[in-house]
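Enquirer: Structure provided below as structure tokens; questions to follow.
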Amino acid sequence: MISLLLILISSLFFVGIIVKVKAKIAARKMPPVLQPVYDVIRLFKKGAVYSQTTSVIFKIAPLVYFSSVFLAVLFIPIGSNEGLLSFEGDFVFFAYLLGIGKFMTIISAMDTGSGFEGMGANREALYSMLAEPAFFIIAGSMALFTDNISFHDLFLHLKQDADLYYIIGIASTYVLVYIAMVENSRMPIDDPKTHLELTMVHEVMILDNSGFDLGLIHIATWLKFSIYGALISNFIISNSWNLYWQIAVFLGIQFAFSTIVGILESFRARNKIEKNPQWIIMLSAISIVVFLTVLIITQKIILN
Amino acid sequence: MIILFKIAIIFTFVLFIFPKQFQYYFGLILHLVIISISGIWAVKTLILSSKLTLPFIPFLGNNLSIEIDQLSAFFILVIDFTMLTGIIYAKGYLQPYFHKKNKIEMAWHFFNFLWLHISMLLVVSIRDVLPFLIIWEIMSLSSFFLVIFETEKEETIKIGIKYLIQMHIGVAFLMAAFIYAYVSSGETLNFDGLSVYFASHNPFGLFMLFFIGFGIKAGFIPLHSWLPHAHPAAPSHVSGVMSGVMIKMGIYGILRVLMYIHHDLFNIGLFILIMSLISGLIGVSLAIVQHDVKKLLAYHSIENIGIIGIGIGLGVIGLAKNIPVLAALGFGGGILHILNHSLFKSLLFYTAGSVYKQTHTRNIEQLGGLIKKMPKTALFFLLGAIAISGLPPFNGFISEFLIYSGIFKSLHSAGLFTDIVLMFSFAGLAIIGGLALFCFTKVFSVIFLGTTRSSKVEHATEVNSSMLIPDFIIGFMIIIIGFVPVIFVHPLSQIIGSFFIETTAIHQMISTFNNISLSSGVFIIIIGLLWALRSWQQKRQTIKEDKTWACAYTGANPAVHQYTATSYADNFRQLSSKIVNVKKDFKDFDETEIFPKKRKFETHSSDIFENYLITIPSDRILAFLEKIAVFQTGKIQHYLLYALLFLALIFLLTFLNLI
Amino acid sequence: MTYLFIILYTITLIYFALSERVKKFVWLLSIQGFILFGIAFFSLHKIKIFDFIFILAETILVKSLIVPWFLNKVRKHNHLKRVQETSVPVSYSLIIVVMILLFSFLFNNFLNSNYIHTKYFTVSFASILFGIYFIIIHKNIFSHVVGYLIIENGTFLLSLAVGSVMPMMVNLAILLDILMGVLVLGVFINRIGDAFESTKIDKLSKLKD
């Protein structure tokens, strides 16, 4: 229960902090940190416009997408508090659950019959397909290390004193940060500032959504950021700490993650769109190096 | 009861007497009789967990018997279910052909459909080699006649003959394998005799022969060339049945041979795993660039055979390296995927057939917006598409989850090389799942969503309800397996037990399956709550309908700038261009052409395995043979001259004491 | 700590396969020099203090500072294109670099030797193989120099693997190799760049006519 509440609370502030950091670096006036929440509340008070080309798929897809992300949140543990749902192999269920959310978003984008949304749809399908192995290989490395296969058990048994543990932690954090950027279509995959249909991935798929649906989609985006931030924080929080200390460190890491995202978006340029697939394959290559490192730690590769 | 079975077989010949209208119903009754008899045998075997042996017919002096053990019982149930849905679907699908074909042709079609069913049931139950090969041959022949149903198209006959030739090559390999085992070990020509051979020789060589023979039927790459041609050419109920169960007969053969091998298993397991990973990845890559919907589904069958093979290969590796978790869950996932694939693949073929019947085209680039005209068919296609991508909460996810669990649970206890093999297999499975999602979002969106792309869609309406009944039945099974997978734990552990594997790992999955059911239930409840919340909120607001946002471009029909299937697949094609071999056909613009004239653009994908293994060698052999054909002059004087020359040659050689 | 630097070295090899810009190659070379400095610092215990300081100075000064500075000068002088194309698409190169890494780790386990320090041997073997692959896929002579330097880094690690004490001779030999290679090729490129238009190797092979 605690992890659910913490993730929900931190998601409210996440996008606000990113926008504030970007504005500060660009020497613009900063909007209030809860501005995205105010925007969504305003959306919930509005009606909706549906396109004549669309069908029932367009009406049901945002609901399925939001439910899949919300259900995925229920699996994430924080430190020693396990998620509401936890069973062996739940990270496979987690990854494929996000998959059905993507499936419905993609077909609702194609439903509008617009060329822009089709462009975003096929890019989203390709990039998320290429980023899947990276997530699985990292989860596999942790399963190899700890001989457990649920999120809760994996992180519970992860802390052991080996100096290679730090390289696993750092490399996994690096890969997870970039997987989060791929999933939410931020830099360097796509630039949310420009709003040019030719370069967008996720933003362009939701061009025709309005009102309640758009509000749900925005909340789902915050939740996705928060999920990856929680996964990263698990690498750092140790179970032996006091509960309040764990909560404080978690909130601190979420804040740090959103600040880093803001800084990354301000300073890094977007990849050329055709170079994106090879960049995402690089993430899988680094996760294979993490796997090799775990093989070294568990003494299966014998090095002297 | 065996007498009833024999009577049913003999009654199939009675089919020819009936007039056209009653043939279908008579065939349906016979199918139902056969299904109920074999179903009772199968269920009895699974419940009592013992083998069932029934004397069948006397054959060449010995009494031939039907032996049904747990593996055969499982296959019998899968075959029965798919044939049932197939025959129900066939009534509506064959409606337009009733007037074009005469009485004998329709009777011959139903006769072959019955014999396909009977021969598949007998293939999984007969253990003596010679009757097995004869029944295998009958299965190939009956499916050949079913495939070439539309004989008015010349292409169909050519494809049918290619199919028949490849099936016979497979049978030749099987015969060679069996005869080799018989000659080396001296045991009876029976499947059980294989165990004696495998106990005393290195199993890899003979297993390879069996793999090629059964693999041609199953559709592993590179033995798959008949699949993408035969499935589109056949009528949809036949494609559904062929893809759903007939190619699984190859998997049955491989499993049956594996039952007799007990040592030296690692190389065999690694070989199956590598072939299956290749089949899965290349199969789905080729599927993405097709624009004929049934050819696309045929390539997906190749991919799913790859997934089944990954499960089986991992199971064999688990047996070899003594990791019971991997063995049990690998085999479990593979065998459950056999059932799952027959369900969703036949569903997809039936719905695609309904679309073809209404629009008379299989080219998805000419369809679009069909969800408004055929909503129920679209819903079932969506169900099949989500299930085949392996997404929760449906059944495809459950079998892939079993394989993943097996891999992740055994990572810690395996050796170094096994760990790297396991890593490649789960990374490969993740990529295959992602590519299947890519492909089916494309197919579903281009066929059913958006606006219409050509006039062929104008007259489409929903199909009549007899074609929707099998969709309902299969959809029900898909949802049951996805939401309540625990009911399959006990039968699966029984089937795997016959492979001499400890099944505790499967029983440990019960609590996980319950949690999955719980999570899927929570998922549906959240969706329901949100729907209610939204309806309440939208009652108090204005809901308008308008055109899609086109950046204020109002000049043309929205379908003009809608994404086509080729453009959707394009960025994947750039990544995998070496494998999918797509050729673009267009004339470029001239520099001086100020007002562009009309242009045509075509893309074609060709199968590189078919090109390099079959088309190019056969063209070269034909070119060589044409040179030799010079000797065939057709004049009898030349032939007499050849005879005289031959006599002279023999005389000369005898004179010189060379022969 | 040494393991940390070895893993970072493998990650730089992956970045070499990913990047296409010449500036990034030079930057990665200097990072590799820094990593070798770290490896040398943490693992060479049993040698004389003077040799130790010499090796550290060599890696940090020559490999991380002097050579990249020189390569940058050459690049600017010849107005090299920003992006160098490879004959194999980058996605396949990434898969191949992972295969090379896995192969070298498995090969080392298969050898199971007690005479060499395997923790350096794995990554040095991978580096040498990757350097050779790098030279094969790139068509520009500047990239060939970069590939040659990757092989040199691999050889440095190999010398760490076969002996715990690094004799001065091996170190001087490597230093000489690098200086000769970079100086000769650098001077060569400058001269060719002045006389001809491009530095592509297929145009260069016409030189012999």
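Chains as they are written, first to last, in the working numbering: chain A, 1 to 304; chain B, 305 to 963; chain C, 964 to 1172.
Where is the CB? At the ideal position from N, CA and C, for every residue including glycine.
Nothing here was measured: the structure is a model prediction, and the numbers come from that model.
1) Could you tell me whether the Cβ of residue 975 of chain C comes closer than 8 Å to any Cβ of chain A?
2) Cβ of residue 1061 of chain C less than 8 Å from any chain A Cβ?
3) Write down the C-beta distance between residue 113 of chain A and residue 754 of chain B rounded to the nearest angstrom, noting that I regard them as a contact closer than 8 Å.
4) Shorter than 8 Å from the beta carbon of residue 246 of chain A to some beta carbon of chain C?
5) Assign residue 329 of chain B to buried or exposed, taking buried as 16 or more other Cβ atoms, counted over all protein chains shown, within 10 Å of its Cβ.
6) Short check: CB of residue 232 of chain A to CB of residue 257 of chain A, under 8 Å?
7) Could you confirm whether any beta carbon from chain B is found closer than 8 Å to the beta carbon of residue 123 of chain A?
8) For residue 83 of chain A, I'd like the list of residues in its chain whose CB is within less than 6 Å of its CB, leaving aside the five on either flank, ordered along the chain.
9) Give me the Cα-Cα distance between residue 1098 of chain C and residue 661 of chain B, rounded to the nearest whole angstrom.
10) Mapping DSSP to helix, strand and coil, what is residue 48 of chain A?
11) Tell me whether residue 908 of chain B sits in a helix, a strand or coil according to DSSP, three-state version.
12) CB residue 605 of chain B to CB residue 516 of chain B, shorter than 8 Å?
13) Between residue 611 of chain B and chain D, is there a C-beta pair that is closer than 8 Å?
14) Determine the contact status of residue 589 of chain B and residue 739 of chain B, defining contact as a CB-CB distance below 8 Å.
15) Among the candidates B:938, B:835, B:769, B:877, whose CA atom is the shortest distance from the CA of residue 212 of chain A?
16) For the beta strand (DSSP E) holding residue 890 of chain B, just list the boundary residues, first then last.
17) Determine whether the beta carbon atoms of residue 181 of chain A and residue 168 of chain A lie at a separation below 8 Å.
18) Taking just the CA atoms, how far does residue 518 of chain B sit from residue 474 of chain B?
19) Can the beta-carbon of residue 558 of chain B be found closer than 8 Å to that of residue 642 of chain B?
20) Would you mind reading off the limits of the alpha helix (DSSP H) that contains residue 839 of chain B?
21) Got a sec: which bits of the stretch 1063 to 1078 of chain C sit with their beta carbon under 8 Å from any beta carbon on chain B, in order along the chain?
22) If you measure from the beta carbon of residue 277 of chain A to each beta carbon in chain C, is any gap under 8 Å?
23) Can you tell me whether residue 400 of chain B is buried or exposed, with buried defined as 16 or more other CB within 10 angstroms of its CB?
24) Can you give me the C-alpha to C-alpha distance between residue 377 of chain B and residue 350 of chain B, rounded to a whole angstrom?
25) Among B:779, B:323, B:657, which residue has its Cα nearest to the Cα of residue 537 of chain B?
26) So what's residue 185 of chain A in DSSP terms, helix, strand or just coil?
27) Keeping to the same chain, check which residues put their C-beta closer than 6 Å to that of residue 202 of chain A; ignore five residues upstream and five downstream.
28) Hey, which unbroken runs of the beta strand (DSSP E) at 3 residues or more fall wholly within the stretch 385 to 460 of chain B?
29) If you draw a straight line from the C-alpha of residue 1254 of chain C to the C-alpha of residue 61 of chain A, how long is it?
30) Does residue 551 of chain B come out as helix, strand or coil in the three-state DSSP assignment?
31) For residue 565 of chain B, which three-state DSSP category applies?
32) Would residue 828 of chain B be called buried (16 or more neighbouring beta carbons within 10 Å of its own) or exposed?
33) Taking C-alpha atoms, which residue in A:109, A:66, A:149 lies nearest to residue 204 of chain A?
34) Might you give, ordered along the chain, the residues of its own chain that have their beta carbon closer than 7 Å to the beta carbon of residue 155 of chain A, omitting 5 neighbours on each side?
35) Does residue 982 of chain C get closer than 8 Å to chain B when you measure Cβ to Cβ?
36) At a CB-CB cut-off below 9 Å, which residues of chain B make contact with residue 1087 of chain C?
Expert: Here's the rundown:
1) Locating residue 975 of chain C in the third sequence gives position 12, counting from the first residue. Chain A places no beta carbon closer than 8 Å to that of residue 975 of chain C, leaving this residue out of the contacts.
2) In the third sequence, residue 1061 of chain C corresponds to position 98, counting from 1. Answer yes: the Cβ-Cβ gap between residue 1061 of chain C and chain A drops below 8 Å somewhere.
3) Residue numbering aside, residue 113 of chain A sits at position 113 when the first sequence is read from its first letter. Residue numbering aside, residue 754 of chain B sits at position 450 when the second sequence is read from its first letter. Correct: roughly 4 Å between the Cβ atoms.
4) As a first step, residue 246 of chain A is located in the first sequence; it is residue number 246 there, counting from the start. The Cβ of residue 246 of chain A sits no closer than 8 Å to any Cβ of chain C.
5) Your numbering for residue 329 of chain B matches position 25 in the second sequence. By the beta-carbon neighbour count (other beta carbons within 10 angstroms, threshold 16), residue 329 of chain B is exposed.
6) In the first sequence, counting from the first residue as 1, residue 232 of chain A sits at position 232. In the first sequence, counting from the first residue as 1, residue 257 of chain A sits at position 257. Yes, the pair counts as a contact, with Cβ atoms nearer than the cut-off.
7) As a first step, residue 123 of chain A must be located in the first sequence, where it is residue number 123. Yes, residue 123 of chain A lies at the interface with chain B (some Cβ there is under 8 Å from its Cβ).
8) Working through the first sequence from its first residue, we reach residue 83 of chain A at position 83. These residues qualify, in order along the chain: 3, 74, 75, 76, 77.
9) Mapped onto the third sequence, residue 1098 of chain C falls at position 135. Mapped onto the second sequence, residue 661 of chain B falls at position 357. Going by C-alpha positions, residue 1098 of chain C is about 57 Å away from residue 661 of chain B.
10) Taking the first residue of the first sequence as position 1, residue 48 of chain A is located at position 48. DSSP places residue 48 of chain A in strand when its eight states are reduced to three.
11) Counting from one through the second sequence, the residue named residue 908 of chain B turns up at place 604. Note: residue 908 of chain B maps to strand in three-state DSSP.
12) As a first step, residue 605 of chain B must be located in the second sequence, where it is residue number 301. As a first step, residue 516 of chain B must be located in the second sequence, where it is residue number 212. Going by beta carbons, residue 605 of chain B and residue 516 of chain B fall outside the 8 Å limit.
13) The displayed structure is made up of protein chains A, B and C, and chain D is not among them.
14) Numbered from 1 along the second sequence, position 285 holds the residue referred to as residue 589 of chain B. Numbered from 1 along the second sequence, position 435 holds the residue referred to as residue 739 of chain B. In this structure, residue 739 of chain B lies closer than 8 Å to residue 589 of chain B by Cβ.
15) For this step, residue 212 of chain A is matched to residue 212 along the first sequence. Out of B:938, B:835, B:769, B:877, B:835 has the C-alpha closest to the C-alpha of residue 212 of chain A.
16) For the purposes of this step, residue 890 of chain B is taken as the residue at position 586 of the second sequence. First-last of the beta strand (DSSP E) with residue 890 of chain B: 886 to 890.
17) Working through the first sequence from its first residue, we reach residue 181 of chain A at position 181. Working through the first sequence from its first residue, we reach residue 168 of chain A at position 168. Against a cut-off of 8 Å, the Cβ pair of residue 168 of chain A and residue 181 of chain A comes out as no contact.
18) Position 170 of the second sequence, counted from the first residue, corresponds to residue 474 of chain B. Position 214 of the second sequence, counted from the first residue, corresponds to residue 518 of chain B. Counting only the Cα atoms, residue 518 of chain B lies some 7 Å from residue 474 of chain B.
19) Locating residue 558 of chain B in the second sequence gives position 254, counting from the first residue. Locating residue 642 of chain B in the second sequence gives position 338, counting from the first residue. Between residue 558 of chain B and residue 642 of chain B, the C-beta spacing is not below 8 Å.
20) Within the second sequence, residue 839 of chain B is the residue found at index 535, counting from 1. Where residue 839 of chain B is concerned, the enclosing alpha helix (DSSP H) starts and stops at 808 to 843.
21) Listed by position, the residues of the stretch 1063 to 1078 of chain C near chain B (Cβ gap below 8 Å) are 1065, 1069, 1072.
22) For the purposes of this step, residue 277 of chain A is taken as residue 277 along the first sequence, with counting starting at 1. At a cut-off of 8 Å between C-beta atoms, residue 277 of chain A counts as an interface residue with respect to chain C.
23) Position 96 of the second sequence, counting from 1, holds the residue named residue 400 of chain B. Its Cβ having fewer than 16 others within 10 Å, residue 400 of chain B is exposed.
24) Looking up residue 377 of chain B in the second sequence gives position 73. Looking up residue 350 of chain B in the second sequence gives position 46. One C-alpha to the other measures close to 7 Å.
25) Position 233 of the second sequence holds residue 537 of chain B. The residue from B:779, B:323, B:657 with its alpha-carbon nearest to that of residue 537 of chain B is B:657.
26) Stepping through the first sequence from its first residue, residue 185 of chain A is reached at position 185. Three-state DSSP puts residue 185 of chain A in coil, outside helix and strand.
27) As a working note, residue 202 of chain A is residue 202 in the first sequence. Contacts found: 185.
28) Counting only runs that start and end inside the stretch 385 to 460 of chain B, there is no beta strand (DSSP E) element of at least 3 residues.
29) In this structure chain C extends from 964 to 1172, so residue 1254 of chain C is not present and cannot be described.
30) As a working note, residue 551 of chain B is residue 247 in the second sequence. The DSSP-derived three-state label of residue 551 of chain B is coil.
31) Numbered from its first residue, the second sequence carries residue 565 of chain B at position 261. The three-state reading of DSSP puts residue 565 of chain B in coil, since its state is none of H, G, I, E or B.
32) Within the second sequence, residue 828 of chain B is the residue found at index 524, counting from 1. By the neighbour-count rule (16 or more Cβ atoms within 10 Å), residue 828 of chain B is not buried but exposed.
33) Counting from 1 along the first sequence, the entry for residue 204 of chain A is found at position 204. Per the Cα distances, A:109.
34) Walking along the first sequence from the start, residue 155 of chain A turns up at place 155. The residues are 77, 234.
35) Numbered from its first residue, the third sequence carries residue 982 of chain C at position 19. The beta-carbon of residue 982 of chain C is placed no less than 8 Å from the nearest beta-carbon of chain B.
36) Translated into the one-based positions of the third sequence, residue 1087 of chain C becomes position 124. Those do not exist, as residue 1087 of chain C stays about 20 Å from chain B at its closest Cβ, beyond 9 Å.
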